[in-house]
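J.: If you scroll down you'll find the structure; I have some questions about it.
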Amino acid sequence: MLTVLAAILAAAFSAQAVPTKDSIVISELEVVAAPTEGELQVLQQLAASGDSSSQVRLGDLYLFGQGVLQDSAEALKWYRSAATQGDAAAQFNIGNMFDKGRGVKQDDAQAFRWYKVAAEQGHTRAQYSAGVLLSEGRGVAQSDSEAVKWFRRSAEQNYVRAQFNLANHLSKGRGAPKDEAEAVVWYRRSAKQGYPEAQTNLGLMYGNGAGVPRDDAAAYKWLSIASSSRGEMGDYASKALPVLERRMTATQLSRANSDAEMCRSSALKVCE
Numbered sequence: 010m011l012t013v014l015a016a017i018l019a020a021a022f023s024a025q026a027v028p029t030k031d032s033i034v035i036s037e038l039e040v041v042a043a044p045t046e047g048e049l050q051v052l053q054q055l056a057a058s059g060d061s062s063s064q065v066r067l068g069d070l071y072l073f074g075q076g077v078l079q080d081s082a083e084a085l086k087w088y089r090s091a092a093t094q095g096d097a098a099a100q101f102n103i104g105n106m107f108d109k110g111r112g113v114k115q116d117d118a119q120a121f122r123w124y125k126v127a128a129e130q131g132h133t134r135a136q137y138s139a140g141v142l143l144s145e146g147r148g149v150a151q152s153d154s155e156a157v158k159w160f161r162r163s164a165e166q167n168y169v170r171a172q173f174n175l176a177n178h179l180s181k182g183r184g185a186p187k188d189e190a191e192a193v194v195w196y197r198r199s200a201k202q203g204y205p206e207a208q209t210n211l212g213l214m215y216g217n218g219a220g221v222p223r224d225d226a227a228a229y230k231w232l233s234i235a236s237s238s239r240g241e242m243g244d245y246a247s248k249a250l251p252v253l254e255r256r257m258t259a260t261q262l263s264r265a266n267s268d269a270e271m272c273r274s275s276a277l278k279v280c281e
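This is the structure we're talking about:
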């Protein structure tokens, strides 16, 4: 779930605080499409012969009840078969099942154990998820420095949530020396992939002049983009826009709206 943090706008935005958030949502397993009857038979044969990728795929089908009756225990059986062969995807899936209590008793320690095994093989979402548990001290001793290590490894593989969480830790000096300039780099990378939390925080960094020269037009652009998203984060971004408007000139506001529209129309490709 998302955790509310202290605002970073108090000084710059006329002492009006706009809350920001950390994203601590564990990566979800991806729902898979149902196979045809022929495909399922082939998959079952390959899985039975020991093919690890087929075992993972079959486990997915049982977990989500796609083409077969939903059976978490059967899913776990196939994931374990693949995991013992060193399959990182299977290891991550087992960790996620323990993390969510999906078909097994919820167990943070087991979740971290499996996430870490997969993370050490370079599995991006496992690296991120291990970082989350370390950051929260769930199933393992709390360690911001270890969390940052895993967030960074995942972020370097372009995982959007890890990029955002790494930026949050760097902006606050959690687990690493405070570095707002690097935080902006990671917020931007996450924001350009469409992550509303990162878009909001990037806007706030511009509005505060934190890690970058203060630029109200750039702040307004990113907050405007984030405000289009549904849910809490869109609401958070929307709260900041009127505060910015009161200190912007008509020219700045026009430029910000034009830049935001260019960003949207290019699917965030032409957007800095």
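Throughout, the working numbering is defined as the position within the sequence shown, counted from one, plus 9.
Glycine is no exception: its CB is placed at the ideal position from the N, C-alpha and C atoms.
1. What residue from 271, 68, 201 and 75 has the CA that sits closest to residue 86's CA?
2. Which residue spans inside the region 142-228 form an unbroken alpha helix (DSSP H) run of at least 4?
3. Expressed to the nearest angstrom, what Euclidean distance is found between the alpha-carbon atoms of residue 213 and residue 255?
4. If you follow the alpha helix (DSSP H) that residue 50 is in, where does it begin and where does it stop?
5. By DSSP, does residue 68 sit in helix, in strand, or in coil?
6. In angstroms with no decimal places, state the Cα-to-Cα distance between residue 140 and residue 164.
7. Buried or exposed: where does residue 167 fall if 16 or more other Cβ atoms within 10 Å of its Cβ makes it buried?
8. In three-state DSSP terms, what is residue 272?
9. If you count every other CB in all the chains shown that lies within 10 Å of the CB of residue 45, and 16 or more means buried, which is it?
10. Classify residue 93 as helix, strand or coil using the three-state DSSP reduction.
11. Quick one: what does DSSP say residue 133 is sitting in, helix, strand or coil?
12. Taking the C-alpha atoms as reference points, what is the distance between residue 99 and residue 53?
13. Among residues of its own chain, excluding the 5 on either side of residue 34, which ones have a beta-carbon nearer than 6 Å to its beta-carbon?
14. Does DSSP classify residue 261 as helix, strand or coil?
15. Straight-line CA distance for residue 263 to residue 274?
16. Identify whether residue 83 lies in helix, strand or coil by the three-state DSSP scheme.
17. Can you give me the start and stop residues for the alpha helix (DSSP H) that residue 119 sits inside?
18. What is the rounded straight-line gap between the Cα of residue 161 and the Cα of residue 171?
19. Looking at the unbroken alpha helix (DSSP H) that takes in residue 243, where does it start and where does it end?
T.: Taking the geometry as given:
1. Here residue 86 corresponds to residue number 77 of the sequence shown, with the count starting at 1. Nearest of 271, 68, 201 and 75 to residue 86, Cα basis: 68.
2. 153-165, 169-181, 189-200 and 205-217
3. Within the sequence shown, the letter at position 204 stands for residue 213. Within the sequence shown, the letter at position 246 stands for residue 255. Their Cα atoms are separated by approximately 15 Å.
4. Numbered from its first residue, the sequence shown carries residue 50 at position 41. Note, residue 50: alpha helix (DSSP H), 46-57.
5. As a first step, residue 68 is located in the sequence shown; it is residue number 59 there, counting from the start. Helix at residue 68.
6. Start at 1 with the first residue of the sequence shown, and residue 140 comes out as number 131. Start at 1 with the first residue of the sequence shown, and residue 164 comes out as number 155. Distance between the alpha carbons of residue 140 and residue 164: 11 Å.
7. Taking the first residue of the sequence shown as position 1, residue 167 is located at position 158. So residue 167 ends up on the exposed side.
8. Position 263 of the sequence shown, counted from the first residue, corresponds to residue 272. Residue 272 falls in the helix class under three-state DSSP.
9. Your numbering for residue 45 matches position 36 in the sequence shown. Per the 10 Å Cβ criterion, exposed.
10. In the sequence shown, residue 93 corresponds to position 84, counting from 1. Residue 93: coil per DSSP, three-state reduction.
11. The residue labelled residue 133 in the question sits at position 124 within the sequence shown. In the structure shown, residue 133 sits in a helix (DSSP, three-state: H, G or I).
12. For the purposes of this step, residue 99 is identified with residue 90 of the sequence shown, where counting begins at 1. For the purposes of this step, residue 53 is identified with residue 44 of the sequence shown, where counting begins at 1. Going from the Cα of residue 99 to the Cα of residue 53 covers about 16 Å.
13. Residue 34 sits at position 25 when you count from the first residue of the sequence shown. Caution applies to residue 34, whose pLDDT of 44 falls short of 50 and renders its modelled position unreliable; the value that the coordinates give is listed next. Nothing meets the Cβ criterion.
14. For the purposes of this step, residue 261 is identified with residue 252 of the sequence shown, where counting begins at 1. Note: residue 261 maps to helix in three-state DSSP.
15. In the sequence shown, counting from the first residue as 1, residue 263 sits at position 254. In the sequence shown, counting from the first residue as 1, residue 274 sits at position 265. About 17 Å.
16. Counted from its first residue, the sequence shown places residue 83 at position 74. The answer is helix: DSSP assigns residue 83 an H, G or I state.
17. Reading the sequence shown from its first residue, position 110 is the one you call residue 119. From DSSP, the alpha helix (DSSP H) with residue 119 extends over 117-128.
18. Translated into the one-based positions of the sequence shown, residue 161 becomes position 152. Translated into the one-based positions of the sequence shown, residue 171 becomes position 162. Taking the straight line from one Cα to the other gives about 7 Å.
19. On the sequence shown, residue 243 is found 234 positions in, with the first residue counted as 1. 241-254 is the extent of the alpha helix (DSSP H) around residue 243.
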